[in-house]
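Numbering (the working numbering), first residue to last: 90 to 251.
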């Protein structure tokens, strides 16, 4: 190394800088590109059904309801506001009690997701009466209730609630 280069190298090393030629960087990028492409393809591969994406889909389904706003999630608890037809607002808290993935009993049938949750309207527990959920129609029309099922759409890679 020439004296000038070695002096520069010494100064750069003290600053924690490593000098690498552009040719080396370009060569490394070319060698790494197939690895990054393979990693990107693997990440973009089909999504598998799981408890986490079932819970996320449950929350997204609630958030998709037109009268619902301000959905926030902390762990397995959702909070949001629903505006009734008369303009009054209800503060909801939904606790996901369980979320389970069930394999189909029949070949070719879709995988099922089962979510059981406790719903509180303005702090009061809304308990179902037998098979009647007692939730507002907006939730039921979206396929959501205290005890609800979702079907996995393998082609779309997502849960369906209706």
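From the three backbone atoms N, C-alpha and C, an ideal C-beta is built for every residue, glycine too.
Excluding the five sequence neighbours on either side, which residues of its own chain have a C-beta within less than 6 Å of the C-beta of residue i, listed in chain order?
i           : result
residue 154 : 227 and 231
residue 251 : 232
residue 209 : 182
residue 172 : 156 and 178
Since residue i contacts residue j with CB under 8 Å, what's their CB separation in whole angstroms?
i           : j           : result
residue 201 : residue 240 : 6 Å
residue 169 : residue 157 : 5 Å
residue 185 : residue 138 : Residue 185 to residue 138, Cβ: 16 Å. No contact.
residue 143 : residue 248 : 6 Å
residue 141 : residue 180 : About 26 Å; that fails the 8 Å criterion.
residue 207 : residue 214 : 6 Å
Quick one: grab the DSSP three-state call for residue i.
i           : result
residue 229 : helix
residue 149 : helix
residue 143 : helix
residue 181 : strand
residue 223 : coil
residue 197 : coil
residue 126 : Residue confidence for residue 126 is low, a pLDDT of 41 falling below 50, so the modelled location carries little weight; the figure read from the coordinates is stated next. Helix.
residue 154 : coil
residue 168 : strand
residue 252 : Because the chain here runs from 90 to 251, residue 252 falls outside it and cannot be looked at.
residue 281 : Limits of the chain in this structure are 90 at one end and 251 at the other, which puts residue 281 out of reach.
residue 235 : coil
residue 136 : coil
So, at 7 Å on beta carbons, what are the nonlocal neighbours of residue i in its own chain, with the 5 sequence-adjacent residues on each side left out?
i           : result
residue 187 : 205
residue 222 : 229, 234 and 235
Pull up the distance between the alpha-carbon of residue i and that of residue j, whole angstroms please.
i           : j           : result
residue 159 : residue 174 : 18 Å
residue 164 : residue 151 : 16 Å
residue 246 : residue 197 : 16 Å
residue 176 : residue 161 : 21 Å
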